[in-house]
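Participant:
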Amino acid sequence: MPTPHNTAKVGDIAETVLLPGDPLRAKFIAENFLEDAVQFNSVRNMFGFTGTYKGKKVSVMGTGMGCASIGIYSYELIHMYGVKNLIRIGSCGAMVPNVKLGDIVMAAGASTDTNYAHQYHLPGTFSAIASYELLSLAVEAAKANNFPYVVGNVLSSDIFYNDVEEWKDWTKMGIMAAEMESFALYCNAARAGVNALSIFTVSDSMVTKEEMTTEERQTGFKNMIKVALEVAANV
């Protein structure tokens, strides 16, 4: 049934959905990677499309930025539309020297400075982790295509422009990159018993201060999209 944020009807959305933050990237993926793509949502310009990839029904939908935004969209996809596999695709900032521009980062776990998990009234600290099934498929796809990748823990931060360099403290615990959504996605998936995975392209480095060019982003992001679609086709 339609929600305040999504006009799709049950059945319009596939059980596997790719989730870029940018709705225009969802449109790009639908137009360039999916066959027979049909748009199912445009509320708040948060575009969503369903098509096929290698004969498998796959959807792609924007989520916006931050845990609050992806928390809403992923919750509705899971509980109102029956989505079983949610694959976040986006950019991240490297926090350690061995993670380079253009590398694919797969978030086995997501740490956070948010208070998103307070809603579950847990008597301790929740460890938000990816679906091993999806993660394994992503690793296989990256290896098959000879794409450089790393697997590990990321930081889902509420703050993009931080007044202090707190990221240096997180690296002491092995955090390798920063983004803004995965913790909420993993929490929603865990609570509902479905699969979630975040895959990123490193677009900049907090260590070296390097940033990808527009051309490098296009190439690097296509590699990430390819991996995500291969996961979608095989799950």
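Residue numbering for the sequence shown follows our numbering, beginning at 18 and increasing consecutively.
All residues carry an ideal CB built from backbone N, CA and C; glycine is no exception.
#1: Between 197, 165, 233 and 176, which has its C-alpha nearest residue 80's C-alpha?
#2: Tell me which residues share the same chain as residue 25 and place their Cβ nearer than 6 Å to its Cβ, disregarding the 5 neighbours each side in the sequence.
#3: Looking only at its own chain, which residues have a Cβ that is under 6 Å from the Cβ of residue 12, when we skip the five neighbours before and after it?
#4: So for residue 177, helix, strand or coil by DSSP?
#5: Any chance you could list the beta strand (DSSP E) runs of at least 3 consecutive residues sitting entirely within the segment 91-123, in chain order?
#6: What do you get for residue 162, buried or exposed, if any count of 16 or more other CB atoms within 10 angstroms of its CB means buried?
#7: Apart from the five residues just before and just after residue 40, which ones in its own chain have a Cβ nearer than 7 Å to its Cβ?
#8: Does residue 56 come within less than 8 Å of chain B when only Cβ atoms are used?
#9: Give me the DSSP bridge partner(s) of residue 39.
#10: For residue 255, which residues from the same chain have a beta carbon less than 6 Å from its beta carbon, with the 5 sequence-adjacent residues on both sides left out?
#11: Under 8 Å, do residue 250 and residue 98 count as touching if we go by C-beta distance?
#12: So, for residue 260: in the same chain, excluding its five sequence neighbours on each side, which residues have a beta-carbon less than 7 Å away from its beta-carbon?
#13: List the whole-angstrom C-beta distance separating residue 110 from residue 194, where the pair is believed to meet the contact cut-off of C-beta under 8 Å.
#14: Would you give the residue range spanned by the beta strand (DSSP E) that residue 221 belongs to?
#15: Helix, strand or coil, according to DSSP, for residue 78 in the structure here?
#16: Per DSSP, which one or two residues make a beta bridge with residue 127?
#17: In angstroms with no decimal places, state the Cα-to-Cα distance between residue 218 and residue 75.
#18: Take the Cβ of residue 182 as the centre, count every other Cβ of all protein chains shown within 10 Å, and call the residue buried at 16 or more, exposed below.
#19: Is it the case that the CB of residue 68 approaches a heavy atom of the ligand ADP more closely than 7 Å?
#20: Specify, as a first and last residue, the run of the beta strand (DSSP E) that residue 205 falls within.
#21: How about residue 107 and residue 37: are their beta carbons less than 8 Å apart?
#22: Which residues in the same chain have their Cβ closer than 6 Å to the Cβ of residue 87, if we skip the five residues on either side of it in sequence?
#23: Closer than 6 Å by C-beta to residue 165: which residues in its own chain qualify, once you throw out the five before and the five after it? Chain order, please.
#24: Where does residue 55 land, buried or exposed, given buried means 16+ other C-beta within 10 angstroms?
Facilitator: So, from the listed chains and residues:
#1: 197
#2: Same-chain partners within the cutoff: 57 and 58.
#3: Shown here, the chain extends from 18 to 252; a query on residue 12 therefore has no answer.
#4: If DSSP states are grouped into helix, strand and coil, residue 177 belongs with coil.
#5: 102-111
#6: exposed
#7: For residue 40, where only same-chain residues beyond five positions count, the Cβ hits under 7 Å are 62, 63, 64 and 79.
#8: The structure shown contains no chain B; it is built from a single protein chain.
#9: Paired residue(s): none; residue 39 is not in a bridge.
#10: With the chain running from 18 to 252 in the structure shown, residue 255 is simply not present.
#11: no
#12: Since the first residue of the chain shown is 18 and the last is 252, residue 260 is not available in this structure.
#13: 6 Å
#14: Counting along the chain, the beta strand (DSSP E) containing residue 221 begins and ends at 212-222.
#15: strand
#16: Partner residues in the beta bridge of residue 127, as assigned by DSSP, are 145 and 171.
#17: 21 Å
#18: exposed
#19: Questions concerning the ligand ADP fall outside what the structure shown contains, since it holds no ligand whatsoever.
#20: Not the beta strand (DSSP E): residue 205 falls in the alpha helix (DSSP H), residues 199-209.
#21: Yes, they are a contact pair.
#22: 80, 198, 201 and 202
#23: Excluding residues within five positions, the ones whose Cβ falls inside 6 Å are 120.
#24: exposed
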